[in-house]
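Worksheet: the structure to be examined is printed underneath.
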Amino acid sequence: FTWEIGPFSLSAGKDMVTTGGFEFDDYDFDVHPELCSALWQNFSCYQWGGKLGYTTPSEKTYFGLQVTASPFGERPFQKDLFPSFSLEWRGDYGPVRTIWSITSVGSEYPFFPQNILFALGQQADLGDFTIGIDWFSRSGDGEDILLEGSTLLGTVQYKPSDKFDLLVKGGFENAQENLIDLLMAGEDGIVYTHTAGHNLFGGVALHWYPVENLRLHAVAAYHSFRKTAMLSVGA
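Our numbering numbers the first residue of the sequence shown as 6 and each following residue consecutively.
Printed below as a string of structure tokens:
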């Protein structure tokens, strides 16, 4: 539910955590998972909570402050977990758009440094082309949700008509496990950080819209960490 009072809006209910730049902003049914980051794959972005928003009189800039349940919980607002807090800036300045945010992902400790997630997303329209860059200050993981590291994504979409478009997307994930081993050599301590892995991935998606409300697509992608190539077709 959303109430709008002049330039202000107040939302309550189950909503998407305001993070993840333009990659998280797409509707799920428009997304090809094989072209998405590990953060998109593992972060449970739909949570219960509330959000206060403000839109400038020009309607080009929006600021949002959100509180939601933690994605680490087995149920909403679990008593041993703090909620998540997000601050978001959205801009729509002609051919250039931005979605920047900072999120404190709820855990057992408030504002735990390893659970702070920055997401910087930007897009630009250049005629029939749309170019986008997303950067996240963390990498995704199936067990811990967030890993030390970073994620960089780039997209180029070519749409010459309403019947056809071509999407090229790639990314680099620098993931490190949050493990610190301390080995004592006399009075000296040596700290080691174990590298979990780096992933370079990317691919191409072809979309064809022969009639209204129907999309046919073919997608090819490759992930270097899993050494896996994928091909999918669908409607």
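Here a beta-carbon is modelled for each residue, glycine too, at the ideal position from N, C-alpha and C.
Item to complete: Using three-state DSSP, classify E113 as helix, strand or coil.
Response: coil
Item to complete: Along the alpha helix (DSSP H) that carries E28, what are the first and last residues, could you check?
Response: G26 to D30
Practice prompt. May I ask which residues mark the beginning and end of the alpha helix (DSSP H) holding A43?
Written response: A43 to N47
Worksheet entry | Where T7 sits in the DSSP three-state scheme | strand
Worksheet item: Alpha carbon to alpha carbon, what distance is there between S144 and I150?
Response: 8 Å
Worksheet entry | C-alpha distance - P118 paired with Q181, whole-angstrom precision | 15 Å
Worksheet item: Just to confirm, are V173 and F134 a CB contact at a threshold of 8 Å?
Response: no
Worksheet item: Between which two residues does the beta strand (DSSP E) harbouring Q89 extend?
Response: Contrary to the premise, residue 89 reads as Ser rather than Gln in this sequence. It spans S89 to Y98 - the beta strand (DSSP E) in which S89 sits, taken as one unbroken run.
Worksheet item: Looking at C-beta atoms only, is the number of pairs between the region 30-41 and the region 76-84 that lie closer than 8 Å three or more?
Response: no
Discussion item. Among F82, T60, K232 and C41, whose alpha-carbon lies nearest the alpha-carbon of G54?
Written reply: F82
Worksheet item: So what's N179 in DSSP terms, helix, strand or just coil?
Response: strand
Worksheet item: Taking DSSP as the reference, what is the three-state secondary structure of F230?
Response: coil
Worksheet entry | Residue closest to T24, alpha-carbon to alpha-carbon, out of S229, Y227, Y59 and W94 | W94
Worksheet item: What separation, rounded to the nearest whole angstrom, lies between the Cα atoms of Y163 and W105?
Response: 24 Å
Worksheet item: Who are the near neighbours of G111 in its chain, counting only those whose CB is closer than 6 Å to its CB and skipping five residues on each side?
Response: S75, L86, F87, P88 and S89
Worksheet item: Does DSSP put Q71 in a helix, in a strand, or in coil?
Response: strand
Worksheet entry | N249 burial status per 10 Å Cβ neighbour count (16 or more: buried) | This structure gives no information on residue 249, because the portion of the chain shown stretches from 6 to 240.
Item to complete: Just grab the DSSP bridge partners of R143 for me.
Response: E153
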